[in-house]
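First residue of the sequence shown: -18, per this note's numbering; consecutive thereafter.
Note that the Cβ used here is the ideal one computed from N, Cα and C, for glycine as well.
Remember, predicted model here, so these are calculated numbers, not experimental data.
A short worksheet on the structure shown next.
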Amino acid sequence: MAEPVKATHGKSRTSNACDMCRRRKVRCDSATMPGNFCSECIKWKTECTHKIVKRRRGPKTRSSRRPSMPRAKLKDLVSSIVDSADSYILPNDLDFVRTLVIDLALHIRVLEAELKESREFVEATPSSMSSTPSNIGKSDADATDDDSEYVSDELAERFELLAIGKKRHHGSSSTFQLVRNALDIKGQLVGKQLTLTIDTLKRPEFWSTPKWQVYPEPDYPPYVFPEDDLLHHLIDLYFTKVNPYYPMLHRPTLEKSLWEGLHLTDRGFGAIILMVCTLGSQYSDDPRTLIEGTNSEHSKGWGYFRQIRLIHSFIQNKIETVLSLYEFQLYPLAAFYLHTTNVANATFFLIGLGIRSAHQKGVHERHFVVPNDPIETELWKRAFWCLMVFDIYGSATLGRPRATTVEDFDVEFPQECDDDEYLEITTSTPPSSDPGPGTSSSQPHSKLSTLSFWTHYLKLYEIIGAALRTLYSVRTSDLSNGMGMGISASEWNRKAVVELDVALNEWVNSIPAYLKWNPENQQHEIFFHQSVMLYATYYWAQFQVHKLFIYRSAQSHSESDNYDEHDTTTPTPASTIFSFAVCASAARSCIGVLEIQHGRRPFLPLPLLIVSCAKIAHDL
């Protein structure tokens, strides 16, 4: 360590910070340290000097425009905007907003000037650069340049959060909407528009983030992707074996971003690529997809999946950033993979998080749209509907309440337009002629769409969701009594089953001709497997509607062999026999469909519990 340099000035100068501590803006202890050599300079192995002259207050020698607002208030304003960017409301007074923007711009200019002065000082003192610790690896001048770039990037991100499109969604039932309506009514009475800036009412001790809640940013190791040949092989498998049956991604957009190397610079997109590789690995025979040191097929793709960080700390500052499309797409992709593993229970927690994320973004409402980007708008809707399918499927298989119900969203179905056709339509349409939300691009009449299947599949799941709500709700009696029908729960169930059977019959009759079950004449591989999914799930839906009477019939017969015709809490023998017949027929039909599929091509894009349910019902 270099010998400490003794002070050459009087004791009074040591009452101020040394040049190093002043530049680093840390507390200086040179006045109390031996030889007046502060601990900060000892740590950095540099000379402890006091050469910077404290600038005197007073008028500037050169004319420069300064912000009209005091600096302290400007700092408080910037803090209030940054700390609550998502809920920050711009004042409606345009003159005030103009003054505010000018003051902020001038404040930034002053900060840039001060930064420039600090940089010039660092460059003018080479003695402090000669002994930089080796673990830093660069000079303080380089660090200052990096800090300047970091500050500029951070400011850009912070001010970007002020855009209206970045705000979180607040529905019509929110308190924010109530306050807005109240201000509108009062504004009409007083003859001027009123606004309320909530940030001015926030007390810093409750709304600012204290130091003990700031989590250190974790070190994210770089993603390890498969070799190029394997990478493209797995992506192709995903888009031929998974995406046609659960359309979550848009192949042209993904491949374009991959070709541009976005997965190497954007961790969100990189996670999507790893997730695609994970799912594609399930259909690959390449041994490189296995975990090193094992030959178990159950380890396929796990090496890609375990690199992804799905859930971040909800207290961490990063959670305040706006949800990205890539983060949202991870929820259905991960749910699709995990439900086939031995940790399937985690699937339904992810679904709940994904649905809450959709609510925060406003994806669940019809008017949601990404300006000037119809493809991204469509991808948000695709991911949302995949979550809906898994939400209903999880509720039916586990017997638990859904994370959301049909009353809570009105988003449109995804468009029935293939990826290549949709890309051509959107790229050939000028931005000024964007039809906006609520409209759909059209598939050429000469080409059958592979996405028509998905619309019918979603409609079938809506019927299953209605069955869960009307037949298996823990407060079924409230439904019948609340509708003023004045009937028993048992009678309500019988009437509901009739209506659900009608809905299922109407649905199966609405299936397009090229998707109807006709294995002898269906040579198109994708349409064949889509037909299998539609009909196997249709038979499973019949189980969901009629299994209620099987449960209660078994319970009532175990308690007594005598049937009381006046008992309204148990099903009648006729309804029980009918439900048994429906379930047995559905089981035979479902197994017949799956046997034909397995004999033709052993491929199963169905949830495994649907197949298990069919086998169990067949054996009854």
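Return yes when the Cβ of residue j is within less than 8 Å of the Cβ of residue i, no when it is not.
i           : j           : result
residue 522 : residue 572 : no
residue 304 : residue 291 : no
residue 320 : residue 389 : no
residue 265 : residue 334 : no
residue 387 : residue 349 : no
residue 288 : residue 219 : no
residue 269 : residue 211 : yes
residue 325 : residue 525 : no
CB-CB under 8 Å to residue i, same chain, minus the five flanking residues each way: which ones, in chain order?
i           : result
residue 20  : 10, 14
residue 359 : 231, 395, 396, 403
residue 224 : 230, 232
residue 217 : 261
residue 41  : In this predicted model, residue 41 has a pLDDT of only 45, less than 50, meaning its place in the structure is not dependable; the value taken from the coordinates is given anyway. No residues qualify anywhere along the chain.
Near residue i, which residues of its chain fall below 7 Å by C-beta distance, leaving aside the five closest residues on each side in sequence?
i           : result
residue 317 : 227, 260
residue 429 : 495
residue 7   : 21
residue 187 : none
residue 336 : 368, 372, 384, 385
residue 477 : 451, 452
residue 493 : 433
residue 86  : none
residue 646 : The structure shown does not extend to residue 646, since the chain spans only -18 to 601, so no value can be given for it.
residue 306 : 357, 360, 361
residue 243 : 250
Count the other CB atoms, across all protein chains shown, that sit within 10 Å of the CB of residue i; report buried if there are 16 or more and exposed otherwise.
i           : result
residue 473 : buried
residue 504 : exposed
residue 277 : exposed
residue 342 : buried
residue 575 : buried
residue 166 : exposed
residue 558 : exposed
residue 361 : buried
residue 446 : buried
residue 299 : Only weak support is given to the placement of residue 299: the predicted model assigns it a pLDDT of 46, under 50, and the value that follows is read from those uncertain coordinates. Flag for residue 299 reads exposed.
residue 370 : buried
residue 207 : buried
residue 221 : exposed
residue 480 : exposed
residue 254 : buried
residue 209 : exposed
residue 200 : exposed
residue 192 : exposed
residue 353 : exposed
residue 77  : exposed
residue 454 : exposed
residue 239 : buried
If you compare alpha carbons, which of the options is closest to residue i?
i           : options            : result
residue 62  : 374, 81, 478       : 81
residue 367 : 94, 255, 381, 339  : 339
residue 313 : 323, 255, 325, 332 : 332
residue 327 : 478, 398, 375      : 375
residue 355 : 381, 330, 400, 382 : 400
residue 577 : 499, 525, 507, 520 : 499
residue 285 : 307, 258, 171, 263 : 258
residue 520 : 569, 475, 483      : 569
residue 449 : 509, 502, 379      : 379
residue 381 : 329, 364, 30       : 329
residue 33  : -1, 184, 17        : -1
residue 189 : 58, 455, 2         : 58
residue 501 : 527, 581, 454, 482 : 581
residue 482 : 508, 527, 30       : 527
residue 4   : 579, 95, 307       : 95
Can you give me the Cβ contacts of residue i inside the same chain, cut-off strictly under 6 Å, excluding the 5 residues immediately before and after it?
i           : result
residue 23  : none
residue 256 : 314
residue 530 : 552, 556, 557, 560
residue 509 : 503
Open item on the list: Below 8 Å, how does it come out for the stretch 236 to 252 and the stretch 270 to 281: are there three or more Cβ pairs, yes or no?
Closed with: No: fewer than three Cβ pairs fall under 8 Å.
Task: Touching by the beta-carbon criterion (3+ pairs, under 8 Å), the stretch 512 to 519 and the stretch 431 to 445 - done: The stretch 512 to 519, when compared against the stretch 431 to 445, does touch it at the 8 Å Cβ threshold.
Open item on the list: Using 8 Å as the cut-off, can you tell me whether the stretch 485 to 496 makes contact with the stretch 561 to 576, which would need three or more C-beta pairs spanning the two stretches below that distance?
Closed with: Because the criterion of three Cβ pairs below 8 Å is not met, the stretch 485 to 496 and the stretch 561 to 576 do not touch.
Open item on the list: Between the stretch 229 to 243 and the stretch 264 to 276, can you find at least three pairs of beta-carbon atoms closer than 8 Å?
Closed with: Short answer: they don't touch.
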